[in-house]
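All remarks here apply to the structure that follows.
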Amino acid sequence: MYRVKIKPHWEISRDAESPLDTAVLLTLLAAIQETGSIANAAKQTGGSYRHAWGMLRDAERMFGHPLVETGRGRGSRLLPLAEKLIWADRRIAARLSPTLETLASELEGELSKTVSCRPPMIRLNASHGFAVAALLNQLNEQQLPVELRYRNSADAVAALARQECDLAGFHVPLGEFEEASVAGYSQWLDKNKHCLIHLAVRNQGLMVAPGNPKHIVGLSDLSRPGVLFVNRQPGSGTRMLLELMLSRQTLSTAAIDGFETAEFTHSAIAAFIASGMADVGFGVQTAAQRFGLDFIPLVRERYFFAVSSSALNDPLMQQVIGILQSSSFRAIVDQISGYDGSATGEILSLPEAFRGLH
Numbered sequence: 267m268y269r270v271k272i273k274p275h276w277e278i279s280r281d282a283e284s285p286l287d288t289a290v291l292l293t294l295l296a297a298i299q300e301t302g303s304i305a306n307a308a309k310q311t312g313g314s315y316r317h318a319w320g321m322l323r324d325a326e327r328m329f330g331h332p333l334v335e336t337g338r339g340r341g342s343r344l345l346p347l348a349e350k351l352i353w354a355d356r357r358i359a360a361r362l363s364p365t366l367e368t369l370a371s372e373l374e375g376e377l378s379k380t381v382s383c384r385p386p387m388i389r390l391n392a393s394h395g396f397a398v399a400a401l402l403n404q405l406n407e408q409q410l411p412v413e414l415r416y417r418n419s420a421d422a423v424a425a426l427a428r429q430e431c432d433l434a435g436f437h438v439p440l441g442e443f444e445e446a447s448v449a450g451y452s453q454w455l456d457k458n459k460h461c462l463i464h465l466a467v468r469n470q471g472l473m474v475a476p477g478n479p480k481h482i483v484g485l486s487d488l489s490r491p492g493v494l495f496v497n498r499q500p501g502s503g504t505r506m507l508l509e510l511m512l513s514r515q516t517l518s519t520a521a522i523d524g525f526e527t528a529e530f531t532h533s534a535i536a537a538f539i540a541s542g543m544a545d546v547g548f549g550v551q552t553a554a555q556r557f558g559l560d561f562i563p564l565v566r567e568r569y570f571f572a573v574s575s576s577a578l579n580d581p582l583m584q585q586v587i588g589i590l591q592s593s594s595f596r597a598i599v600d601q602i603s604g605y606d607g608s609a610t611g612e613i614l615s616l617p618e619a620f621r622g623l624h
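So for the sequence shown, my numbering puts the first residue at 267; every next one is plus one.
What follows is the structure, given as structure tokens:
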């Protein structure tokens, strides 16, 4: 089984000068941020102190601004421009990772099909999430063939109904918004054909800058003057949930500055806020924690894989279910900030999962 990795790569140029390759520079800047020392950063990245200094000088000459401040006895610290470069790189990765991972999976399949008979695969369509990523890591470690496509929850479930995938990842809030959310998927889910595999329970809420400088406490604050919001893309389960919650409180989306500004993952939302481009966004606790943001929990939701009942006994599907039901994988899910893996791997009928569904 071939494994393809595609990573973002970006360059910066000024006027007619040769472009600056940011890859090595960003690695060095991140190491300086971590160690507080150019010498230690050079050692950590496998280069010499002289080479590190030369790279910094070249970059500073190109930008016309310093990147690092040094002082005797005080070590080295990144200046705002260097911090902005690091945040830009994280934002690029957060925005592009689902697309690149999907493309990598497609290329793996094409390579396998070209050089040999293509082996049976689990076709996984899912909205991007941290427990989904953890499962993919486990599948890859155990060399189970999987064809991944990240897409929003509604598109994933629709693909299952068209028999275009074997597992469709989607999420549904617990409590008062569950019934309306389930109704959004009901046109594709058939209780006589499909069942669910529980992946996790997770927290959704508001992500805000550290210290919550705009004093945001709830959804009603999103329409306050001076508060800039960043949203998920139309059709995503997270945006569907947010719109349900706003409607319940009779809050107009037109009054929210930035409501039409959209990102495609929770991490991209968090990176957007962390870089100072917005004050608040709606997403999972994990993304807020990983980008150093504060988090205001508002709702718990369950993440499921929908699957055809007839596929449960397929040998490859049984291996996937075995991973999901293992104590080791449940422990991995539990370690993800804001996630609960106590029911991970449970198989439920649609009426068992959603009591109002008959």
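All C-beta atoms, glycine included, are put in the ideal place defined by N, C-alpha and C.
If you're wondering where the values come from, they're calculated on a predicted model, not measured in any experiment.
Checklist line | Residues near A370 in its chain [Cβ-Cβ closer than 7 Å; skip 5 each side] | finding: V270, K271 and I272, listed in sequence order.
Check: Three-state secondary structure (DSSP) at M321?
Finding: In the structure shown, M321 sits in a helix (DSSP, three-state: H, G or I).
Checklist line | Cα-Cα separation, I352 to W276 | finding: So the two alpha carbons sit approximately 12 Å from each other.
Item checked: C-alpha gap between V412 and L512, whole angstroms -> Cα to Cα, the separation comes out at about 37 Å.
Next item on the list: Can you check the segment 491-569 for any beta strand (DSSP E) of at least 3 residues that lies completely inside it and give the ranges in chain order?
Entry: Segments of the beta strand (DSSP E) lying fully in the segment 491-569: 495-498 and 546-550.
Item checked: Presumed contact (8 Å Cβ cut-off) between L590 and I463, rounded CB distance -> Confirmed, about 6 Å.
Next item on the list: Determine the DSSP secondary structure at R343, reduced to helix, strand or coil.
Entry: Correct three-state label for R343: strand.
Next item on the list: Return the residue from the list A536, M473, L401 and Q299 that minimises the CA-CA distance to S342.
Entry: Considering only alpha carbons, the answer is Q299.
Margin query: Distance check for K350 and G441, CA to CA, integer angstroms please.
Written below: Answer to the nearest angstrom: the Cα atoms are 40 Å apart.
Item checked: Residues bridged to C461 [DSSP beta-bridge criterion] -> Beta-bridge pairing links C461 to V573 and S615.
Note to self: Between the alpha carbons of H481 and F548, how many angstroms are there, rounded?
What the structure shows: Each residue's alpha carbon lies about 15 Å from the other.
Next item on the list: Report all residues from its chain with a CB closer than 7 Å to the CB of Y569; omit the five preceding and five following residues, and keep chain order.
Entry: Counting only Cβ-Cβ distances below 7 Å, and skipping sequence neighbours, we find G395, A397, G435, H437, L465, A466 and R468.
Margin query: Can you tell me which residues form a DSSP beta bridge with F436?
Written below: Its beta-bridge partners are F570.
Item checked: Buried or exposed (CB count within 10 angstroms, at least 16 for buried), G607 -> Buried is the call here.
Next item on the list: Confirm, please, whether the CB-CB distance from D421 to A577 is below 8 Å.
Entry: Not closer than 8 Å, so no.
Notebook entry, point to check: At which residues does the beta strand (DSSP E) containing A392 begin and terminate?
Noted result: Membership of A392 in the beta strand (DSSP E) is indicated by the continuous run I388 to A392.
Margin query: So if DSSP puts N469 in a beta bridge, which residue, or which two residues, is it bridged to?
Written below: DSSP output for N469 lists R566 as bridge partner(s).
Next item on the list: Would you be able to state if there are at least three C-beta pairs under 8 Å between the segment 322-331 and the segment 481-494?
Entry: Touching, no.
Next item on the list: Name the two residues that bound the continuous beta strand (DSSP E) containing V412.
Entry: Boundaries of the beta strand (DSSP E) harbouring V412: V412 to Y416, taken from the DSSP string.
Margin query: In the DSSP output, which residue or residues are listed as bridge partners for D456?
Written below: Under DSSP, no beta-bridge partner is assigned to D456.
Checklist line | Beta-carbon gap between D545 and A554 smaller than 8 Å | finding: No, they are not a contact pair.
Check: Straight-line CA distance for M628 to R490?
Finding: The chain is shown from 267 up to 624; residue 628 falls before or after that span and cannot be answered.
Item checked: Contact check, E444 vs L414, beta carbons under 8 Å -> No, they are not a contact pair.
Checklist line | Buried or exposed (CB count within 10 angstroms, at least 16 for buried), A425 | finding: Result: buried.
Margin query: From the DSSP secondary-structure annotation, give me the bridge partner or partners of D606.
Written below: For D606, DSSP records a beta bridge to V467.
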